[in-house]
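> Let me begin by handing over the structure; questions about it come next.
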Amino acid sequence: MTAASPAGARRPSLLLVTDLAYEARGRRYCDEDIYLSSRLREAFDVALCHPRDAAALLAGFDTVLVRNSGPVLH
Numbered sequence: 003m004t005a006a007s008p009a010g011a012r013r014p015s016l017l018l019v020t021d022l023a024y025e026a027r028g029r030r031y032c033d034e035d036i037y038l039s040s041r042l043r044e045a046f047d048v049a050l051c052h053p054r055d056a057a058a059l060l061a062g063f064d065t066v067l068v069r070n071s072g073p074v075l076h
């Protein structure tokens, strides 16, 4: 997952919306999201926010990835 962009080319931006404090039995979603964000950085300029803050930020990004938002976005 390596992006090669010409010098000076703008990389696409991605907003990763997740609740890092989300508790789930048997899984550590925060670890998954930290790993995922590190991989996504290879191709995107990544920002991370809590689901409750997402609505105010969506328009500023090329792509939005929502994970572990639970009922917060409803």
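In our numbering, the protein residues as written are 3 to 76. Ideal Cβ placement from N, Cα and C applies to all residues, glycine included.
1. Relative to the C-alpha of ARG12, which residue among ASP64, ALA56, GLY72 and ARG69 is closest?
2. Taking buried to mean at least 16 other C-beta atoms within 10 Å of its own C-beta, is ALA61 buried or exposed?
3. Give the single residue among SER39, ARG30, SER15 and PRO53 whose Cα lies nearest to the Cα of GLY72.
4. According to the Cβ coordinates, are TYR37 and TYR31 closer than 8 Å?
5. May I ask you to report which of helix, strand or coil DSSP gives ALA57?
6. Report, in whole angstroms, the separation of the C-beta atoms of LEU18 and SER39, which I expect to be a contact under 8 Å.
7. Go ahead and label ALA57 buried or exposed: buried means 16 or more other beta carbons lie within 10 angstroms of its beta carbon, across all protein chains shown.
The short version:
1. ASP64
2. exposed
3. PRO53
4. no
5. helix
6. 6 Å
7. exposed
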